Structure formats: C-alpha cells, structure tokens
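A short write-up of the structure that comes next.
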Amino acid sequence: MSGAAPPEWQSLRRRPAGALAAAEPGSSLTVAELCAAASDTAARLRQAGVVPDDRVVLALPSSLAFVCGYLGVRLCGAVLVNVPWQWRRELVHVVTETEARVAILHDDVDPKVAAQIGEVTTILSETDSVGEEKRADPALAPARDADDIAWLAYSSGTTGTPKGAVHTETTLALIADGFVRRYGLGPDDVVLVAAPVGHAVGFVYGVRLALAAECPVVLMPSWDAALFAELTDRHDCTFVAAPTPFLFDVVEHTELHGATGLESLRVFLCGGAPVSTQLLERARQALPHTDATAYYGTSECGGVTTCPPAAPEQKKLTTDGLPLESMEVRLVDRELHVRGPQLATGYWGDAEAQRFREDGWFATGDEATIDADGYVRLGGRLDDRIVRGGVNISPVEVENVLASHPAVRDVAIVGAPEERLGARVAALVVAEGAAPTLDELREHCRHAGLAKLKWPELVLPVETLPRSPSGKLLRTELGQVLAAR
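Numbering (this note's numbering), first residue to last: -13 to 471.
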C-alpha cells in the first residue's frame, strides 16, 4: 500500500475486520468486505481514467453502492459530487458544470438523461460501484493537501440552478465532528440514514457521521416509517438525523403500532423544515426513550446548532439549539451569519460568492433570533424559496417551466402551508383561454425534465398577478392572493 489514506479509510480500518460496517435491507458488509469492495470501486474508477482532483458524480440512492462509491472516490484522491439520483436536467447541468470524469448512476436512471450524460463523460452503473474482485488493499492516491478540494455539495439556489459548495480536505474531515462530540457518538452506536444521500443531510449526518464515529451505518433506499421501525429494531440503531416530515411519520406510525423495537434510538434530530412544539411534544409521548429535537445546518458548513442532551426541556421544544462547539453565530439585520472551521470556501464557479465574507462569516440567508442564553431560533428564508419537506424549491425555476405551457399567460409559484411537509407548491395561473388543469401542468413539468418534487400540487386560476410598474413580480403580495382563494 502506497500513498496516503483518506481519513474515512483510516477510521474504517481501525474497526475489527469482522464487525458490521454498513447495511441496507436484505444485505450488509463487514469492515473487511467494505474495504475490499471500496478498493475494487477505486480500481474501476482508475480504469475509467479517474486521477486525483477529477470530479466524480454519484447519483445513487442511500445504499451500499453509495458507500462503496464514496470511499472509492476518496481512495482515488478525486472530488466527490453527490446529487439526488432522481435529478434529470439538474444532473446533466452538474455533470457538465463540474466537467466530471465519471458519473455513477442509479440503474433506473432515465435513459434520455443517461444518453445526454454519456455524451460528456464516462458512465458507470450502480452495480459497478460494489466490486466483486475483493482487493485486499487499494492503490492509494498521493497525499492530499489540506486546501485541496474534496467534496462539492450541491443544492438549489435562488435562481433554481443548482450550485456546489466547495469543501476542502479540511472542511470535509471536520464537517461531522460537531455532532459526534455533542452526542458522544462512538463504536457502540449505529447510525441510521433515513434521508437521501444525494443531499447533505443523508451524506453528512449519516454516512460521513458514522465513519467519523467509527460505527456501523444502516441505509434506507427510500423513506417508509414501517421500514424505519424495522431497521431500527433489527440493528439497534441509536442515532438518526432526517427532515422534519420523517419525524411526523414516525410519530404517526408509533402512535398506531407502538414503540416496541425503538428503545435503542436515543437521538432523533430533525430539520430542513420548521419543527413545531406540538410535534416534538407528541414525539416525547410516542418515543419516550428518544431525545427528539431540532437541528440547523447547511450544505455550506454542515451542522450549526442543536440542543445538547442536558439542555432544558423548554429549549428543546422551542428552539433550534446552541451552536456546536466549533461554530460561531451572529445576527446581521435579522439574518443569521455563521463561522467555523468546516465552512466551505465558496461555490464552484464562484456563484453568489458574496455570501462568503472576507472575515470568514457566511451569510445564510435565513432569518433568526438568538435568545439571552444563546439559543438560536430560525424564522424562515429571507428570500423567496419554498421549503417543502426540507428541500428548497426555487419558484423561478418552476415558473420558467410553466410559462412555456400554451395555456399559461402568466404564472407565479408560492408555497401553500401544509402540516406535514411545511408547504406545497401552488401555481397561481393567469390563463390564456381555458385554464390548464393540474394534471396538464404536471405532465408539462415531466416533459420539461423538472424534478418531480418541484411539480405544482395546486393550481389556482387568477385574473392577474401583482407586479410593479417595471413588471417585477411582487412576491410579498402572493400570500395575500393565495389566502383570498
């Protein structure tokens, strides 16, 4: 073995060879098996031409294949670019923008999308990322510098075009450590990945967190509350971080079927969408052994705040917690700014670089308050994004798609309040002739390649939309229009 092993690999190799490393429904890998499979993945990537600093896109569900792909990328000294496997035109954009050397795609990827990607890069299938040759030791890439790029964390921006936060070897190494220390995670824990690994939640607070804590990781390929309970029971899972609607579903499931088998789950962090006091109170009744509380984090810096285990109960019910030990927070005109050693260095291509201040602070774009005890409470986005189930949706992107429908003369997208997901995508449509139906607009989005989670769930015909004299849509008035309907 030559070269230098990445931190994740070192953490994995410190564990007993026969210990459980990773599991998914119906399959699992020991530490030795995962090391061998990841080594084989790294060899396959090198055969495809991957060299250090190349970008490798992983568009995979939460699975053993993703874990092998992630470790294989790191062993090659390449740059990880993980994105939702359901992405279509967004996936083409990311592959093109990053000039990815290889893209590892889910076996069920849209053939048209795969064809477009195949024109600009090499494609490996999901099954290619779980090797069969069982190499005992990988050929390691040369030692990486602390400032070398390690990970591009993509999320949707205000324009609707995904942007990648640039994480270095240093920031990726530190990004999960705050939660490890705050909750005392270690080899006796088992991390359950309920959120998709294409987003920061599933990757950072799931796969990366488990490697940092040197403990097993259990992956759910898709969300299902019954499967969550089954896997928690089977593997004695102790920690999960997931979008708020997932806690809602677990509470509903537990209220109907009981909490038997969930006694091992000591921490359930939820975020990405507002977490109501009522939901947390229900969680305490339904999951008496679990500390269910809110957290706040971003793709740009990972975890920022959460309540310590010893925090007063009222703080756990009503705030998003205290800053992690490595993080600083401040308010600037009601906007939360954060600073810490795991903060990304900027965006790929320098999009919106002004959010990263020269003094090290990052302007999150989130409204917040900080009480006298230092506890942070998020108030929502200062821009106009819709947060649906923890996912940010740009109204502009959806509007641009719907505006091309022949029956749409004018359109505005707004979030309609909804108890479980936080918001639904509502389309206020000024029709050209007969008003289009919801099914017609959704089919139009599908044909345009828009991700399904961004499709409208309500369509409301209106006679006119509020606009300024210059033609700018007055988004602050859209809520009133929606309420009037």
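Glycine is no exception: its CB is placed at the ideal position from the N, C-alpha and C atoms. Predicted model only: the values in this text are computed from it and were never measured.
Residue interval of the beta strand (DSSP E) (run including Leu149): Rather than Leu, the amino acid found at residue 149 in this sequence is Lys. Element bounds for Lys149: 148 to 154.
Contact between the stretch 32 to 39 and the stretch 73 to 84 (3+ Cβ pairs under 8 angstroms): no
For Thr240, name the three-state secondary structure that DSSP assigns. helix
Can you tell me the Cα-Cα spacing of Tyr231 and Leu407, whole angstroms? Sequence check: residue 231 is Pro here, not Tyr. About 6 angstroms.
Determine the direct distance from the alpha carbon of Arg1 to that of Thr16, and round the result to whole angstroms. Going from the Cα of Thr16 to the Cα of Arg1 covers about 10 angstroms.
Rounding to the nearest angstrom, what Cα-Cα distance links Leu20 and Arg30 in this structure? 15 angstroms
With distances taken between CB atoms, is the gap from Ala398 to Pro442 smaller than 8 angstroms? no
CA nearest to the CA of Trp347, picked from His323, Thr305, Ala409, Phe225: Per the Cα distances, His323.
List the DSSP bridge partners of Ala278. Phe254
Of the listed residues Thr84, Pro182, Ala24, nearest to Ala125 (C-alpha basis): Ala24
Per-residue DSSP class, three states only, for Ile135: strand
In its own chain, which residues sit with a C-beta less than 6 angstroms from the C-beta of Ala18, not counting the 5 before and 5 after it? Ala3
Does the structure place the stretch 216 to 226 close enough to the stretch 264 to 274 that three or more beta carbon pairs sit under 8 angstroms? no
Could you tell me the boundaries of the alpha helix (DSSP H) in which Pro(-7) lies? -7 to -1
Assuming the contact rule is C-beta atoms closer than 8 angstroms, Ala198 and Ala162 should be a hit. Round their C-beta distance to whole Å, please. 4 angstroms
Ser456 versus Leu444 - alpha carbon distance: Caution applies to Ser456, whose pLDDT of 45 falls short of 50 and renders its modelled position unreliable; the value that the coordinates give is listed next. Distance between the alpha carbons of Ser456 and Leu444 is about 28 angstroms.
Between the beta-carbon of Ala8 and the beta-carbon of Val53, is there less than 8 angstroms? yes
The beta strand (DSSP E) enclosing Leu205, as first and last residue numbers: 203 to 205
Count the other CB atoms within 10 Å of the CB of Val193; is the residue buried (16 or more) or exposed (fewer)? buried
Taking 8 angstroms as the threshold, find out whether the stretch 176 to 183 comes into contact with the stretch 196 to 216 through three or more Cβ pairs. yes
C-alpha distance - Leu242 paired with Leu255, whole-angstrom precision: If you take the alpha carbons of Leu242 and Leu255, they lie about 22 angstroms apart.
Per DSSP, the bridge partner or partners of Thr499: Residue 499 lies beyond the residue range present for the chain, which begins at -13 and ends at 471; the question has no answer from this structure.
Do you know how far the Cα of Glu286 is from the Cα of Ile356? Ile356 and Glu286: Cα-Cα distance of roughly 21 angstroms.
Using 8 angstroms as the cut-off, can you tell me whether the stretch 373 to 381 makes contact with the stretch 419 to 433, which would need three or more C-beta pairs spanning the two stretches below that distance? no
Every unbroken alpha helix (DSSP H) within the stretch 421 to 448, with a cutoff of 4 residues, ordered by chain: 424 to 434
Straight-line Cα distance separating Gly332 from Ala(-10): 26 angstroms
I need the straight-line Cα distance from Leu138 to Ser(-3), nearest angstrom please. 22 angstroms
With DSSP run on the structure shown, which of helix, strand or coil describes His185? coil
Below 8 angstroms on the Cβ atoms is my guess for Ile90 versus Glu105; work out the distance and round it to an integer in Å. Contact between Ile90 and Glu105 is ruled out by a C-beta separation of about 17 angstroms, above the 8 angstroms threshold.
Taking the beta strand (DSSP E) that Asp396 belongs to, which residues open and close that run? 394 to 404
Taking all protein chains shown into account, decide if Arg41 is buried (16 or more other Cβ within 10 angstroms of its Cβ) or exposed. buried
Can you name the residues that DSSP bridges to Arg325? Under the DSSP definition of a beta bridge, Arg325 partners with Glu314.
Compute the Euclidean distance between the alpha carbons of Asp319 and Asp370, then round it to the nearest angstrom. 17 angstroms
Could you check how far apart the C-beta atoms of Ala45 and Val88 are, in whole angstroms? I think they sit under 8 angstroms. Not really, about 11 angstroms apart at Cβ, beyond 8 angstroms.
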